[in-house]
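A.B. asks: Before I ask anything, here is the structure I am working with.
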Amino acid sequence: MEEKVTIDLGEQTLTISCGKMAKLAGGSALVQLGGTVVLVAASAAKTASPNRDFVPLTVDYRERTYAAGKIPGGFFKREGRPTEKEVLSSRLIDRPVRPLFSKHFPYETQIMATVVSSDQENDADVLALVGASAAMNLSDIPFPEPIAGVRVGRVNGEFVVNPTVKQLDESDMDMVVAGTADNIIMVEGGSRELPEGAIVDALRFAAEHIRRIVAIQRDLVGRAGKPKRALLQPPDTSELERTLDDTYRTRLRQAIRIPGKEARQEEVDRIREEAVAALKERFPEQESYVGKILHDLERDELREMVLTEGVRADGRSPDEIRKVTVEVGLLPRTHGSCLFTRGETQALSVATLGTKSDEQRVEELEGQSWKSYMLHYNFPPFSVGEVRPIRGPGRREIGHGALAERGIEPVIPADSRFPYTIRIVSDILESNGSSSMATVCAGSMALMDAGVPIKAPVAGIAMGLIKEAERVAVLTDILGVEDHLGDMDFKVTGTREGVTAFQMDTKIGGISFEVLSQALERARAGRLHILDIMADALPQPRAEMSPFAPRIIILNINPDKIREVIGPGGKIIKRITEETGTQIDIEDSGEVRIAAVNSDGGRLPGQGAERRRVRRVRRDRAGSGRAAPHLRDRPQADRAHRGRAQCRRHRDGEGDRRGPRREDQAFAQGAVARARRCYGLGGRRRTRPRSGRSRARSGPRPGPAALAHRVLEATKGGRGPRPSCSNRVAGRPATRRLVRRPL
Numbered sequence: 001m002e003e004k005v006t007i008d009l010g011e012q013t014l015t016i017s018c019g020k021m022a023k024l025a026g027g028s029a030l031v032q033l034g035g036t037v038v039l040v041a042a043s044a045a046k047t048a049s050p051n052r053d054f055v056p057l058t059v060d061y062r063e064r065t066y067a068a069g070k071i072p073g074g075f076f077k078r079e080g081r082p083t084e085k086e087v088l089s090s091r092l093i094d095r096p097v098r099p100l101f102s103k104h105f106p107y108e109t110q111i112m113a114t115v116v117s118s119d120q121e122n123d124a125d126v127l128a129l130v131g132a133s134a135a136m137n138l139s140d141i142p143f144p145e146p147i148a149g150v151r152v153g154r155v156n157g158e159f160v161v162n163p164t165v166k167q168l169d170e171s172d173m174d175m176v177v178a179g180t181a182d183n184i185i186m187v188e189g190g191s192r193e194l195p196e197g198a199i200v201d202a203l204r205f206a207a208e209h210i211r212r213i214v215a216i217q218r219d220l221v222g223r224a225g226k227p228k229r230a231l232l233q234p235p236d237t238s239e240l241e242r243t244l245d246d247t248y249r250t251r252l253r254q255a256i257r258i259p260g261k262e263a264r265q266e267e268v269d270r271i272r273e274e275a276v277a278a279l280k281e282r283f284p285e286q287e288s289y290v291g292k293i294l295h296d297l298e299r300d301e302l303r304e305m306v307l308t309e310g311v312r313a314d315g316r317s318p319d320e321i322r323k324v325t326v327e328v329g330l331l332p333r334t335h336g337s338c339l340f341t342r343g344e345t346q347a348l349s350v351a352t353l354g355t356k357s358d359e360q361r362v363e364e365l366e367g368q369s370w371k372s373y374m375l376h377y378n379f380p381p382f383s384v385g386e387v388r389p390i391r392g393p394g395r396r397e398i399g400h401g402a403l404a405e406r407g408i409e410p411v412i413p414a415d416s417r418f419p420y421t422i423r424i425v426s427d428i429l430e431s432n433g434s435s436s437m438a439t440v441c442a443g444s445m446a447l448m449d450a451g452v453p454i455k456a457p458v459a460g461i462a463m464g465l466i467k468e469a470e471r472v473a474v475l476t477d478i479l480g481v482e483d484h485l486g487d488m489d490f491k492v493t494g495t496r497e498g499v500t501a502f503q504m505d506t507k508i509g510g511i512s513f514e515v516l517s518q519a520l521e522r523a524r525a526g527r528l529h530i531l532d533i534m535a536d537a538l539p540q541p542r543a544e545m546s547p548f549a550p551r552i553i554i555l556n557i558n559p560d561k562i563r564e565v566i567g568p569g570g571k572i573i574k575r576i577t578e579e580t581g582t583q584i585d586i587e588d589s590g591e592v593r594i595a596a597v598n599s600d601g602g603r604l605p606g607q608g609a610e611r612r613r614v615r616r617v618r619r620d621r622a623g624s625g626r627a628a629p630h631l632r633d634r635p636q637a638d639r640a641h642r643g644r645a646q647c648r649r650h651r652d653g654e655g656d657r658r659g660p661r662r663e664d665q666a667f668a669q670g671a672v673a674r675a676r677r678c679y680g681l682g683g684r685r686r687t688r689p690r691s692g693r694s695r696a697r698s699g700p701r702p703g704p705a706a707l708a709h710r711v712l713e714a715t716k717g718g719r720g721p722r723p724s725c726s727n728r729v730a731g732r733p734a735t736r737r738l739v740r741r742p743l
């Protein structure tokens, strides 16, 4: 039986229903906002997988192109590997759900969210988050309480809940907040250099709507929820815990005070190995619990040291930042580079400038767009002293890269002011702390080193939290062990003026607004400290770009004259690019962008004339004044030319009367086939038209087909008009005019 609950969110209605679709899943929910609908199903395995040190949860978010009335591109015409948007949305659902899972539920659990309808106005990611909570609470999986998520925008100074795509274009904030009825669990988003107070106000605004969505979920679960499974009761390990506490707690207390990451971890591993060897005979059935108990002891000691003594693992105070060094311009042939080191975290970022043709095409349910600014984050295994195969970017790398990209994006100059495609690549060389925040700092400096006129440098810092009852300690610039054993990871990026991006994850039930406000103020102080160090290395963007970077000139012509610039088949624009060594992009508006490969501005004076002289020599040697000169260097073109030359000699009464060689005739026929494919003339060629008249009587088809027909007739019989040697017949498509779509 179908059950349904609704609530008004702003100007739209949110609907959650169950009992109609995916009834064999453990729990399922259908969430709708406007014309966007998401189906979410949650299921758990029937058999347990005990002795795991992590929550066995998998979250997958998928978008079906039929949801927007589209057919996928590519050869297979079906959805393939997850896109970047799908990966980020999967992480958005996973991060608030995972902390609430019980560690005593050792059953493989999967949450699957599928976008089945999209109005291309309302994003489906927050709907999938709400659906995941509803499906979990409706199922037999012991999930403690409902959660909800909303997107917050700010248009003309007013907060908007779940803004549409059009409203987000006008908004100076894009924030996703997830939480329970009482606390905030996860925050993700960016802003246009807003002050910290505006971020806290947005969180309070989101919390009000989260409570309302949680309330209707409770109503739905009360009507259609299933009985919950019992949690797996762990064995009694109290005697083993006492033994480990008495024997190894003192050594662990000393080990966590070792400043260096490697030395500290080696000592902890040594203690664990000794404990397993000493107790495996005494506790043979509980050997696998030794590591878990020692981990809990290490956690307790580190947290107590911070809360009681105000001293952290590496000896710093809670608000102290590790030593920061910044080096710019250290790679000679790149357009811009920076090596940023903060303690034992090191990022090498390189900025590369490209032309309009280097833009990335992005196809989503909301439509197609072009990205002229990209940031890619790489986390090689040697950065943490590990060995593992490289199999492309994982979810973590995509998520960290997206956060860093969002942090720098507000200061990127407009395309009209700086018409370059910008790509930043960050390779993490060392990692003990927030490498994504190091990427933001290094990426910002690499842009300045490349001469990109960014609005202001951007820095980032990660905040942590230790909370035991009423005792709270906010940590600045957290270490990896403090992230692992702490309660919060709150990353904040920004300029001196305000915040540009933020991301918060928790390991406890939630964080109060007072703690969040304190963390934001501490992050601001740390950010300003790092910005001062960055300013000492490079106070402002370089006045001149690298000599190896391209140079772009923008001209404007009458749109009616675009065809004359391109020429028939791209003949004129090809000749210009060949003689000058430049790249030319023309928009429908009449804007012409001329890009030279380096600071020389194209080829030096006189080089164009020299190239023309060389082509004339090659043309004379080839014996054909009408052949396209750039085809003389291609062996396959020479074969086609030999076939056409034999046809010409046969027509004039010279040479072999048998016509062209068979291999040359075959190549010419292949060229015709390629020309037909390039110009939309695909399909099998009919020997007789439908009317019954022969092709010879009906005459050749107009346009490119007529040209192809002439070549084919000439190679077959050795008679007829002289074939042309244009690019179309030779299988080279004409120059494509790229039209840049608005971002």
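Every letter in the sequence shown is one number past the one before it in the numbering used here, and letter 47, counting from 1, is 47.
Each residue gets a CB set at the ideal place from its N, CA and C atoms; glycine is no exception.
Being a predicted model, the structure only gives us computed values, none of them experimental.
(1) Note down, one range per segment and in chain order, each alpha helix (DSSP H) of at least 4 residues found wholly within the region 537–565.
(2) Taking 7 Å as the cut-off, does the CB of L220 come closer than this to any heavy atom belonging to the ligand FMN?
(3) By the three-class DSSP mapping on this structure, what secondary structure does L9 have?
(4) Just the Cα atoms here: how many angstroms apart are A198 and E497?
(5) Since I believe V328 is in contact with A537 (beta carbons under 8 Å), could you give me their beta-carbon distance rounded to a whole number of angstroms?
(6) Could you tell me how far apart the beta carbons of A347 and S426 are, in whole angstroms, since I believe they sit closer than 8 Å?
(7) Taking the straight line between their C-alpha atoms, what separation do you get for S369 and Q360?
(8) Going by alpha carbons, who is nearest to Q503 out of D119, V150, E11, A462?
(9) Assuming Q360 is part of the beta strand (DSSP E), what are its boundary residues?
(10) Just confirm the distance between the C-beta atoms of I584 and I594, as a whole number of angstroms; I'd bet it's less than 8 Å.
(11) Taking 6 Å as the limit between beta carbons, can you name the residues of its chain near L194, skipping five residues before and five after?
(12) By Cβ distance, which residues of its chain are closer than 6 Å to L107, with the 5 residues on each side in sequence left out?
(13) For A224, does the three-state DSSP call read helix, strand or coil?
(14) Is DSSP giving I111 helix, strand or coil here?
(15) Strictly by DSSP, which residues pair up with C18?
(16) Starting from K574, follow the alpha helix (DSSP H) in both directions and report where the run begins and ends.
(17) What residue does the beta strand (DSSP E) around S28 start on, and which one ends it?
(18) Report the partner residues of Q583 according to the DSSP bridge assignment.
(19) Please state if the CB of E521 and the CB of R303 are separated by a distance shorter than 8 Å.
(20) Taking the straight line between their C-alpha atoms, what separation do you get for G35 and A202?
(21) Buried or exposed for I552, please, with buried defined as at least 16 other CB atoms from any protein chain shown within 10 angstroms of its CB.
(22) State buried or exposed for Q217, treating a residue as buried only when at least 16 other CB atoms are found within 10 Å of its CB.
(23) Mapping the DSSP letters down to three states, classify I185 as helix, strand or coil.
(24) Is it the case that the Cβ atoms of Y289 and T237 are separated by a distance below 8 Å?
(25) Can you tell me where the beta strand (DSSP E) with S369 in it begins and where it stops?
(26) For K560, count neighbouring Cβ atoms within 10 angstroms of its own Cβ and tell me buried if that reaches 16, exposed if not.
(27) Beta-carbon separation of S102 and L231 under 8 Å?
(28) Would you mind reading off the limits of the alpha helix (DSSP H) that contains R91?
(29) Grab the span of the beta strand (DSSP E) containing G460 for me, first residue to last.
(30) Decide if H104 is buried, meaning its Cβ has at least 16 other Cβ atoms within 10 Å, or exposed.
(31) Any chance you could list the beta strand (DSSP E) runs of at least 3 consecutive residues sitting entirely within the region 136–216, in chain order?
(32) Leaving out five residues before and five after Q254 in sequence, what residues of the same chain have Cβ atoms less than 6 Å from its Cβ?
C.D. replies: Let's see:
(1) Those alpha helix (DSSP H) runs which fall completely within the region 537–565 and span 4+ residues do not exist here.
(2) Among the components of this structure there are no ligands whatsoever, and the ligand FMN is therefore not found.
(3) Strand.
(4) Approximately 13 Å between the Cα atoms of the pair.
(5) Indeed, because the Cβ distance is near 6 Å, the residues count as touching under 8 Å.
(6) The beta-carbon distance between A347 and S426, rounded to whole angstroms, is 5 Å. This is short enough to meet the 8 Å contact definition.
(7) One C-alpha to the other measures close to 8 Å.
(8) Measuring from the Cα of Q503, the nearest candidate turns out to be A462.
(9) Unbroken beta strand (DSSP E) run through Q360: 360–364.
(10) Taking 8 Å as the upper bound for CB-CB distance, I584 and I594 are in contact here, some 6 Å apart.
(11) Scanning its chain for C-beta atoms nearer than 6 Å, with the 5 sequence neighbours on each side dropped, one finds around L194 the residues G498, V499, in chain order.
(12) Correcting the residue type first, residue 107 is Tyr in the shown sequence and not Leu. Contacts found: A44, A45, A48.
(13) Three-state DSSP puts A224 in a helix.
(14) DSSP, reduced to helix, strand and coil, places I111 within a strand of the structure shown.
(15) In the DSSP assignment, C18 is bridged to E3.
(16) Unbroken alpha helix (DSSP H) run through K574: 571–580.
(17) Counted as a single uninterrupted DSSP element, the beta strand (DSSP E) harbouring S28 occupies residues 27–33.
(18) Paired residue(s): A595.
(19) For R303 and E521, no; Cβs fall outside 8 Å.
(20) Their backbone Cα atoms lie some 26 Å apart in a straight line.
(21) It counts as buried.
(22) It is buried - the Cβ of Q217 has at least 16 other Cβ atoms within 10 Å.
(23) I185 falls in the strand class under three-state DSSP.
(24) Contact flag set, yes.
(25) Unbroken beta strand (DSSP E) run through S369: 367–371.
(26) Per the sequence shown, residue 560 should be read as Asp rather than Lys. That one is exposed.
(27) When the beta-carbon positions are compared, S102 and L231 come within less than 8 Å of each other.
(28) Counting along the chain, the alpha helix (DSSP H) containing R91 begins and ends at 84–97.
(29) For G460, the uninterrupted beta strand (DSSP E) segment begins and ends at 459–468.
(30) Within a 10 Å sphere around the beta-carbon of H104 sit fewer than 16 other beta-carbons, which makes this residue exposed.
(31) Under the rule that a run must span 3 or more residues, the beta strand (DSSP E) segments found entirely inside the region 136–216 read 148–155, 158–161, 173–179, 184–194.
(32) The same chain holds no residue with a CB closer than 6 Å to that of Q254 once the five nearest residues on each side in sequence are set aside.
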